[in-house]
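This report concerns only the one structure given below.
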Amino acid sequence: MRCILIALSLVFFLAGCAASIPKEDLERSAFIRAGSTNIWSITSGGSTVSLTAIDGLPANTKNGPVAVSPGKHTITMSCAGNENDFELTVRAGEIYEYTYGVGGPKGCFGGLIKVN
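Just so we're aligned: the sequence shown equals residues 10 to 125 in the numbering used here.
Shown next as structure tokens:
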């Protein structure tokens with residue numbers, strides 16, 4: 010029974026990560042989404058990465074997709090309780106996905122990688 014619940018959880022998680030972004034939205038904004046980073050991390054027993062804030066405002070979702078207006082932003086990511094901030098300049102139509110780094114006081118940190 011536990012395996013079935015885990016499998017169903019992964020299916021719903023994958024569906025959320027793979028959500029397509031309408032073309033008209035890409036013409037106005039950049040987007041941040043989880044991609045497959047957390048799936049890899051879960052299957053290997055590691056910690057997951059989440060989006061915590063954009064420009065100091067709490068993110069409305071941990072896994073995205075989150076629309077970001079073109080320009081320079083301060084992004085806050087979290088991994089295993091470690092929060093890290095970094096600057097990112099985005100353009101409309103760009104899509105970023107979470108990336109996972111090893112290091113920091115609790116062993117990991119979150120980041121973003123441009124996928125288009």
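In this text, a Cβ means the ideal position worked out from N, Cα and C, and glycines have one as well.
First and last residue of the uninterrupted alpha helix (DSSP H) at residue i
| i | result |
| --- | --- |
| Asp64 | Counting along the chain, Asp64 falls outside any alpha helix (DSSP H), and DSSP gives it neither H nor E. |
Helix, strand or coil at residue i [DSSP, three-state]
| i | result |
| --- | --- |
| Tyr33 | Per the sequence presented here, residue 33 reads as Glu, with Tyr not at that position. DSSP places Glu33 in helix when its eight states are reduced to three. |
| Glu103 | coil |
| Thr108 | strand |
| Gly207 | No information on residue 207 is available, as it lies outside the stretch 10 to 125 that the chain covers here. |
| Gly44 | coil |
| Asn91 | strand |
| Val75 | strand |
Integer Cβ distance of residue i from residue j, believed to fall under 8 Å
| i | j | result |
| --- | --- | --- |
| Gly80 | Lys115 | Their Cβ separation, rounded to whole angstroms, is 31 Å, which puts Gly80 and Lys115 out of contact at 8 Å. |
| Ala101 | Thr85 | With 8 Å as the limit, Ala101 and Thr85 do not qualify as a contact, their Cβ atoms being about 22 Å apart. |
| Ile127 | Val75 | Only positions 10 to 125 of the chain appear in the structure, and residue 127 is not among them; the question remains open. |
| Gly119 | Tyr105 | That belief does not hold up - the Cβ atoms of Gly119 and Tyr105 are roughly 11 Å apart, past 8 Å. |
| Asn125 | Glu103 | 7 Å |
Residue i versus residue j: straight-line alpha-carbon distance, rounded
| i | j | result |
| --- | --- | --- |
| Asp94 | Ser87 | 9 Å |
| Glu96 | Val77 | 13 Å |
| Ala39 | Tyr109 | 20 Å |
| Asn72 | Ala43 | 5 Å |
| Ile30 | Asp64 | 22 Å |
| Thr83 | Lys32 | 25 Å |
| Val58 | Val111 | 12 Å |
| Ser56 | Val99 | 27 Å |
Per DSSP, the bridge partner or partners of residue i
| i | result |
| --- | --- |
| Thr98 | Lys81 |
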